[in-house]
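Q: Can you read through this structure? Questions will come right after.
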Amino acid sequence: MLVEIGHFSLVLVLSLSLVQAFLGLYGASSRNISLINGANRTVILAFAAILFAFMALVYAHLVSDFSVKNVVENSHTLKPLLYKISGTWGNHEGSMLLWVLVSIGFAIALVLRAKTLSPSLKARAIGVQGLISAAVVAYVIFASNPFVRLIDPPFQGNDLNPLLQDPALSIHPPFLYLGYVGLSLVFSLAIAALLEGAVDAAWARILRPWVLASWTFLTIGILLGAYWAYYELGWGGWWFWDPVENASFMPWLLASALLHSAIVTEKRGALASWTVLLAILAFSLSLLGTFLVRSGVLTSVHAFALDPKRGIFILMILGLFTGGGLLLYGLKGASMGSDRGLFAIFSRESTLVLNNLFLVVASFTILVGTLYPLLGEAIYGRAISVGAPYFNAVFTPLMSIILCIMPIATFFTWKRAKPIEQGKKLILSFGLAIVFGLIAAFLGKDKPMSAVGIAIGFWVILGAIQEISQKVGLGKIAFNQSMKRFDNLRGSNIGMFLAHFGIGIFVIGAVVQMNFSQENTIALGVGESAKFGNYEVTLNQITSEEGPNFYSDVAHIKVKTGALNYTLKPERRYYPAAKMPTTEVSRKGNIGGELYIALGEPNFTTGQPKWTLRLYYNRFIGWVFGGVLLVAIGGLFSLSDRGLRIGAPKAKGVA
Amino acid sequence: MKKLIIAFLIFIASPVFAQELNPKQEERYNALGREIRCVVCQSEPVATSSAKIAIDMRDVIKERILAGDSDTQIRKYFAEHYGEYVLLRPQVNKVTYLLWLAPIFLLVFGVFFAMKNVTNKKLEEETLSDEELKQAEAIIKELE
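Okay, structure coming up:
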């Protein structure tokens with residue numbers, strides 16, 4: 001019954017979203033305040049309805065209602081509670097329902113917050129957001145309905161893909177969607193501003209917190225996904241340039257560009273039309289990502305739904321919003337004339353233009369690489385693969401350039417910088433970065449490119465430190481006064497420092513991990529030992545254990561390194577319901593790196609069984625995840641900035 | 001006779017399988033293993049796959065390295081024997097020119113776009129059109 005009411009609620013959400021779209025858009029253009037208020041109230045009703053639908057599905061999963069197809073396909077009575085809940089969005093249909101929930105959730109946040117917005121801009125944004133929700137909820141109802149019942153319910157479900165039964169992955173989709181779908185609100189605000197004809201500094205100020213929030217969520221979502229891939233897949237890697245990873249990374253790059261261009265628009269009134277265009281493109285790439293993942297046009301390890309009908313539906317949604325957005329931009333963009341802020345070649349604006357240029361080029365290069373196999377097949381009839389080697393080869397140089405500019409940008413002043421005078425302040429960072437690079441070159445011997453990467457990482461880190469030191473007057477004024485200034489720094493100052501610093505940490509971590517890690521695959525019988533780098537590993541025993549919904553072979557491996565002794569227990573699990581094995585790696589390490597052991601299959605052909613062990617020593621791996629975590633924390637600090645919440649000043653020169 | 005054949009087989013097999021890779025070759029082996037895709041898996045390189053064919057393909061890499069092939073030759077070998085689909089690093093040929101040149105094209109286009117949209121605005125802002133000049137002069141006259 002609850003499931004039917006949930007199903008009915010979905011239809012209600014569709015109607016309410018359409019009403020919301022009409023009231024918002026028509027109310028704003030006819031300047032009718034009661035219609036606008038009506039739009040706001042409709043959002044609240046729509047949210048109540050979608051929340052009910054979502055909870056109904058969660059409930060069906062929770063009680064293992066096997067008359068619901070979605071539950072049968074993704075659940076099992078023995079599955080632990082956490083994964084019964086996360087299984088709701090760990091599948092295609094449920095995840096799209098979550099998409100709609102988040103989309104309407106963002107609309108409600110806009111209704112409740114942003115009291116300073118002009119009512120008509122807000123109404124238009126809510127109207128556009130209503131259209132987006134309506135399109136996606138229609139997709140859920142007609143192409144991907146999670147509430148479909150089975151006439152002949154089975155006694156047991158098929159279980160959730162065991163790879164997804166993991167704590168990090170249970171919260172990975174919600175964060176990712178908060179990011180993706182947050183960009184839908186950014187899109188709505190951009191379209192609203194175009195309709196309103198008011199793309200200016202005040203609008204950029206309204207836009208910024210939403211961009212920042214989406215970007216921060218997306219960062220956390222990607223981090224969780226990468227960390228999960230690292231410890232769950234048992235390959236010792238954390239980024240595979242898989243189409244699905246690319247689908248989340250492209251909008252992240254564009255959101256990063258948008259974050260910076262919106263600052264220029266807000267503070268200097270420049271790049272306004274560019275900011276609007278980025279806002280449209282960022283959401284388009286999120287939708288395209290959804291299309292690529294969900295349609296299964298690109299076979300990928302992540303794709304849990306391969307259905308061409310869905311692909312066509314999402315392609316239509318994509319065409320509607322991207323096409324419509326770009327068309328509107330084309331029609332209105334030229335007449336905006338709000339780019340009043342002038343700036344010289346050497347200025348912070350220019351450096352941020354470069355930042356945007358490279359981020360956008362990097363993003364579209366990834367798009368080309370991701371789609372190229374389709375192109376090769378369609379045009380040349382040749383099956384080709386575009387994998388990690390390609391992406392590393394093209395992405396690294398583009399990013400290196402951005403990173404070289406990064407510290408300079410923070411030292412240049414707005415409008416007209418004094419390149420020599422302001423650049424000179426960075427000599428210390430520059431010199432030290434070169435020294436660290438030379439040390440890395442000496443230690444790394446035959447890997448000169450990694451030394452360049454490490455030098456760039458240090459350049460970014462030291463630049464960030466110098467920038468914040470300058471801000472608090474460290475060394476110029478008394479130390480305790482500097483500390484006082486530090487306490488008074490705005491959230492956005494600390495946020496920028498942490499994010500830039502984190503990027504530097506990440507770069508060093510990534511370069512070291514990829515160039516100086518060790519790996520080996522060995523086969524050990526019980527009682528045998530092997531050497532791996534500075535470690536001596538002994539397979540003490542293999543025990544069979546049993547979890548709630550899996551059987552497991554656990555290897556007890558004694559590790560000896562110097563005076564240190566410990567036991568690592570990598571596992572090989574088998575989930576009978578899903579008929580799938582998984583590896584559970586075991587790791588131990590410190591800031592310098594970690595030993596990572598994955599247990600492979602036993603080989604019985606040679607009398608005594610030999611167990612395959614994959615050993616990795618991942619140098620600086622903690623820096624990779626720690627760096628990105630700092631970036632996300634930086635985003636949260638910036639979000640906490642009071643300046644984003646107080647009223648936006650009226651734009652100058654707007655009649 | 002049987003023993004002889006076995007001995008002979010061991011003799012011809014040993015140069016390949018008994019021989020170990022030196023550290024330099026080991027590194028090439030690992031790197032190539034990550035560039036070559038396992039044919040039965042979904043976008044998974046042979047280095048990480050536990051499929052039987054992936055193990056065979058890894059052995060082929062090892063064999064080719066020991067035979068003295070260069071990385072390029074090994075890639076070519078795989079493209080010929082398994083299809084270019086297995087190369088995660090696409091070859092540079094007429095099918096992939098566009099792919100490899102994409103970043104440069106995009107960058108040139110981006111610079112052009114930025115120049116047009118950033119510098120032009122500035123020039124427009126600084127110079128007045130003839131009509132605007134006339135208007136300005138008229139206003140100045142009026143004020144006088």
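As given, the protein sequences belong to chains U and D, one line each in that order. Mapping of the first sequence onto my numbering: residues 1 to 655, in sequence order. Mapping of the second sequence onto my numbering: residues 1 to 144, in sequence order. Cβ coordinates follow ideal geometry from the N, Cα and C atoms, glycine included.
#1: Sorted by chain position, which residues of the same chain lie with C-beta nearer than 8 Å to alanine 478/U's C-beta, five sequence neighbours on each side aside?
#2: Would leucine 123/D pass as an interface residue toward chain U - the criterion being a Cβ-Cβ separation below 8 Å?
#3: With 8 Å set as the bound, which would you pick, yes or no: does the beta-carbon of alanine 51/D sit closer than that to a beta-carbon of chain U?
#4: In chain D, which residues lie with their C-beta within 7 Å of the C-beta of phenylalanine 364/U?
#5: Would the beta-carbon of threonine 612/U fall within 8 Å of that of threonine 521/U?
#6: If you measure between the beta carbons of serine 144/U and glutamate 73/U, is that distance less than 8 Å?
#7: Do alanine 56/U and glycine 105/U have their CB atoms nearer than 8 Å?
#8: Would isoleucine 36/U be called buried (16 or more neighbouring beta carbons within 10 Å of its own) or exposed?
#9: For phenylalanine 625/U versus tyrosine 227/U, is the C-beta spacing smaller than 8 Å?
#10: State yes or no: is the beta carbon of glycine 289/U nearer than 8 Å to at least one beta carbon in chain D?
#11: What separation, rounded to the nearest whole angstrom, lies between the Cα atoms of leucine 352/U and lysine 560/U?
#12: In whole angstroms, what is the alpha-carbon distance linking glutamine 513/U and alanine 441/U?
#13: Using a Cβ cut-off of 7 Å, pull out every chain U residue sitting near proline 103/D, in sequence order please.
#14: Assuming valine 276/U contacts valine 386/U under a Cβ cut-off of 8 Å, what Cβ separation, rounded to an integer in Å, is found between them?
#15: Indicate the three-state DSSP secondary structure (helix, strand or coil) for asparagine 37/U in the structure shown.
#16: According to DSSP, serine 586/U sits in a beta bridge with which residue or residues?
#17: Find the nearest neighbour of histidine 81/D within the set Met115/D, Gly68/D and Val39/D, judged by alpha-carbon distance.
#18: Helix or strand or just coil, what does DSSP make of isoleucine 384/U?
#19: According to DSSP, asparagine 618/U sits in a beta bridge with which residue or residues?
#20: Residues in the region 59-79 of chain D with C-beta within 9 Å of chain U's C-beta atoms, listed in sequence order?
#21: For alanine 555/U versus leucine 223/U, is the C-beta spacing smaller than 8 Å?
#22: Any beta carbon from chain U within less than 8 Å of leucine 133/D's own beta carbon?
#23: Classify asparagine 22/D as buried or exposed, calling it buried when 16 or more other Cβ atoms lie within 10 Å of its own Cβ.
#24: Which residues in chain U have a C-beta closer than 7 Å to the C-beta of tyrosine 85/D? List them in chain order.
#25: Name the DSSP bridge partner or partners of glutamine 518/U?
#26: Name, please, each residue of chain D whose Cβ falls closer than 7 Å to the Cβ of tyrosine 372/U.
#27: Is there at least one Cβ from chain U nearer than 8 Å to leucine 88/D's Cβ?
#28: Hey, out of Leu253/U, Tyr380/U and Asn549/U, whose CA is closest to proline 162/U's CA?
#29: Would a check of beta-carbon distances place tyrosine 59/U closer than 8 Å to chain D?
#30: So is proline 389/U in contact with chain D if we call contact Cβ pairs under 8 Å?
#31: If you measure from the beta carbon of lysine 309/U to each beta carbon in chain D, is any gap under 8 Å?
#32: Are the region 141-159 of chain U and the region 207-219 of chain U touching, with three or more C-beta to C-beta distances below 8 Å?
#33: In angstroms with no decimal places, state the Cα-to-Cα distance between leucine 23/U and alanine 279/U.
#34: Whose C-alpha, out of Ala202/U, Glu467/U and Gly369/U, is nearest the C-alpha of lysine 267/U?
#35: With contact counted as at least three CB pairs below 8 Å, one residue from each stretch, are the region 488-505 of chain U and the region 633-640 of chain U in contact?
#36: Here's the rule I'm using: 16 or more other beta-carbon atoms within 10 Å means buried, otherwise exposed. How should glutamine 20/U be labelled?
A: This is what the structure gives:
#1: none
#2: Its pLDDT being 42, under 50, leucine 123/D is placed unreliably in this model, and the coordinates cannot settle the point.
#3: no
#4: Here the neighbours are Leu106.
#5: Inclusion of threonine 612/U and threonine 521/U in the CB contact set at 8 Å is warranted, their separation being smaller than that value.
#6: no
#7: no
#8: buried
#9: Contact: yes.
#10: no
#11: Cα to Cα, leucine 352/U sits roughly 50 Å from lysine 560/U.
#12: 15 Å
#13: For the C-beta of proline 103/D, the chain U residues within less than 7 Å are, from N- to C-terminus, Val361, Thr365, Val394 and Leu398.
#14: Incorrect: roughly 31 Å between the Cβ atoms, too far for contact.
#15: helix
#16: Ile597/U
#17: Closest option to histidine 81/D, Cα to Cα, is Val39/D.
#18: coil
#19: Glu594/U
#20: none
#21: Between alanine 555/U and leucine 223/U, the gap from beta carbon to beta carbon reaches 8 Å or more.
#22: no
#23: exposed
#24: Ala383, Ile384 and Ser385
#25: In the DSSP output, where bridge partners are listed per residue, glutamine 518/U has Tyr617/U.
#26: Those are Leu99, listed as they occur along chain D.
#27: Yes, leucine 88/D counts as interfacial toward chain U.
#28: When each option's Cα is compared against that of proline 162/U, the closest is Asn549/U.
#29: no
#30: yes
#31: The beta carbon of lysine 309/U sits no closer than 8 Å to any beta carbon of chain D.
#32: no
#33: 24 Å
#34: Ala202/U
#35: Output reads yes: the region 633-640 of chain U touches the region 488-505 of chain U.
#36: buried
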